[in-house]
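Colleague: One structure follows; several queries about it will come next.
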Amino acid sequence: MGARGGVGAAVLGFAFLSIAACSGVFYQPGKVRKTDPADLGMEYQDVRIESAGGRKLHAWLFPSGNGAEERGTIIQFHGNAENISTHFLSLSWVTKHGYNFITFDYSGYWDSDGAPGQRTLNEDALAALKYAVEFNGARAAETGTRPVLAAYGQSLGGTVLMRALADFSERRVVDAVIIESAFPSYQDIAREKLSILWETWLFQPLAYLLVSDAYAPEKTIASLSGTRILVIHGTEDNTVPIHHGRRIFELAGKPKDFWEVQGGRHIDSMVGHDGKYRRMLIEYLGGPTKK
């Protein structure tokens, strides 16, 4: 192989490595516990959710507390990195407002079986939704009420949740779907990441060849029409820029709402902004707010 051939092979190899890196960014599972809710004085239960093929997914269940009237259940679909021992912190506060809170790890994350992938996470999401529906139904039977059921997807979790809902036969019992800092297409976000560096700029078209959109929600979001959808996105989100959120909102059917978080960064609406969006979320779900 001549010098030119060697350079060409090196460039092509770099391109493939770049695409592989983009694909790898989708899944960065944390393998260790970072925070124990018990250390924060929080009551919770370890739960196992059975996914496809008998895979066991590790989950935490936080019961509604603080003497608040029980209002429903919120299940979290977290982002691509770490695990539930960090992600629970952004939403577990809902227990103070009367909501049971469920968070789970995808296959290959921390103590969950298997390895992550688009199809695998779709299966996991369907299993988690089924668990949440059954749990909320049991609470309804016990309390004699009709508790709210909401699903909250953050970043990759929002993308996974939207696609899974299109396949979920019981989605009509999900009262609200919240999608924060998510993207509708794996290929588009991969291409966008390649465009950032001059070394990979020329290889952007390869994203459409080497990254799959088989489980991207872009073509299925419209089928969720009739399901109440709230899209949240920060104006300063440099990880998943806000135009992805706007695209999701554009594709979604009614009823739908869009919260543009001024100055908001990646999935920070519920952990900053002086609690503004926490109060708005509780109001959106139909309950009184607390400071």
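Take the position in the sequence shown, starting the count at 1, then add 274; the result is the number in my numbering. Idealized CB from N, CA, C, for every residue including glycine. Remember, it's a predicted structure, so these values are computed and weren't measured experimentally.
Please determine, among Asp-385, Gly-500, Thr-360, Thr-377, the residue with the shortest C-alpha to C-alpha distance to Pro-337.
Modeller: Checked all of Asp-385, Gly-500, Thr-360, Thr-377; the closest Cα to Pro-337 is Thr-377.
Colleague: Quick one: what's Glu-344 bridged to in DSSP?
Modeller: Note: Glu-344 sits in no beta bridge, so no partner.
Colleague: In the DSSP output, which residue or residues are listed as bridge partners for Arg-322?
Modeller: Note: Arg-322 sits in a beta bridge opposite His-332.
Colleague: Quick check: what's the CA-CA separation for Ala-415 versus Phe-409?
Modeller: Using only the alpha carbons, I get a separation of about 10 Å.
Colleague: What span of residues does the alpha helix (DSSP H) with Glu-408 cover, start to end?
Modeller: Note, Glu-408: alpha helix (DSSP H), 392-417.
Colleague: Use the C-beta contact count for Arg-420: other C-beta atoms within 10 angstroms, 16 or more gives buried, fewer gives exposed.
Modeller: With fewer than 16 Cβ atoms within 10 Å of its Cβ, Arg-420 is classed as exposed.
Colleague: Along the chain, which unbroken stretches of the alpha helix (DSSP H) at least 4 residues long are found entirely within the region 449-517?
Modeller: Counting only runs of 4 or more, we get 460-468, 481-484.
Colleague: In the DSSP assignment, find the unbroken beta strand (DSSP E) run with Asp-531 in it and report its ends.
Modeller: Counting along the chain, the beta strand (DSSP E) containing Asp-531 begins and ends at 530-535.
Colleague: So, with DSSP's three-state summary, where would you put Glu-356?
Modeller: DSSP places Glu-356 in strand when its eight states are reduced to three.
Colleague: Between which two residues does the alpha helix (DSSP H) harbouring Thr-433 extend?
Modeller: Residues 430-441.
Colleague: Indicate the three-state DSSP secondary structure (helix, strand or coil) for Thr-369 in the structure shown.
Modeller: Reduced to three states, the DSSP call for Thr-369 is helix.
Colleague: Below 7 Å CB to CB, which residues in the same chain sit around Leu-286 once its five sequence neighbours on both sides are set aside?
Modeller: Note that Leu-286 has pLDDT 43, beneath the 50 cutoff, so the model's placement of it is unreliable and the number below is only indicative. Contacts found: none.
Colleague: According to DSSP, is Ile-541 helix, strand or coil?
Modeller: Ile-541 falls in the coil class under three-state DSSP.
Colleague: By a C-beta neighbour count over all protein chains shown, 10 Å radius and 16 as the cutoff for buried, is Lys-528 buried or exposed?
Modeller: By the neighbour-count rule (16 or more Cβ atoms within 10 Å), Lys-528 is not buried but exposed.
Colleague: Tell me whether the beta-carbon of Val-434 lies closer than 8 Å to the beta-carbon of Asn-396.
Modeller: Yes, they are a contact pair.
Colleague: Using DSSP's beta-bridge definition, name the partner residues of Tyr-380.
Modeller: Paired residues: none, contrary to the question.
Colleague: Taking the C-alpha atoms as reference points, what is the distance between Asp-487 and Tyr-460?
Modeller: Using only the alpha carbons, I get a separation of about 6 Å.
Colleague: Can you grab the Cα-Cα spacing for the pair Phe-457 / Leu-363, in whole Å?
Modeller: If you take the alpha carbons of Phe-457 and Leu-363, they lie about 22 Å apart.
Colleague: Nearest by alpha-carbon distance to Arg-413: which of Glu-343, Asn-357, Ser-386, Arg-445 is it?
Modeller: Among Glu-343, Asn-357, Ser-386, Arg-445, the Cα nearest to that of Arg-413 is on Glu-343.
Colleague: Using DSSP with H/G/I as helix, E/B as strand and the rest coil, what is Gly-427?
Modeller: Of the three classes helix, strand and coil, the one that applies to Gly-427 here is strand, per DSSP.
Colleague: List the whole-angstrom C-beta distance separating Leu-423 from Asp-441, where the pair is believed to meet the contact cut-off of C-beta under 8 Å.
Modeller: Actually they do not touch by this definition, with Cβ atoms about 17 Å apart.
Colleague: Should Leu-483 be counted as a contact of the ligand FMN given a C-beta to heavy atom distance under 7 Å?
Modeller: Questions concerning the ligand FMN fall outside what the structure shown contains, since it holds no ligand whatsoever.
Colleague: Should His-361 go down as buried or exposed, given a rule of 16 or more other Cβ atoms within 10 Å for buried?
Modeller: With 16 or more other Cβ atoms within 10 Å, it is buried.
Colleague: By alpha-carbon positions, which one of Val-368, Ser-469, Ala-326, Trp-384 ends up nearest to Ala-399?
Modeller: That would be Ala-326, whose Cα lies nearest to the Cα of Ala-399.
Colleague: Please classify Gly-346 as buried or exposed, where buried requires at least 16 other C-beta atoms within 10 Å of its C-beta.
Modeller: The residue is buried, with at least 16 neighbouring Cβ atoms inside 10 Å.
Colleague: Helix, strand or coil: how does DSSP classify Val-306 here?
Modeller: Val-306 falls in the coil class under three-state DSSP.
Colleague: Start and end of the alpha helix (DSSP H) containing Tyr-558?
Modeller: Run containing Tyr-558: 550-558, per the alpha helix (DSSP H) assignment.
Colleague: For a test of the three-state rule: what should DSSP assign to Ala-295, helix, strand or coil?
Modeller: Any reading at Ala-295 must be qualified, since the residue scores a pLDDT of 48, below 50, and its modelled position is unreliable; no value is offered.
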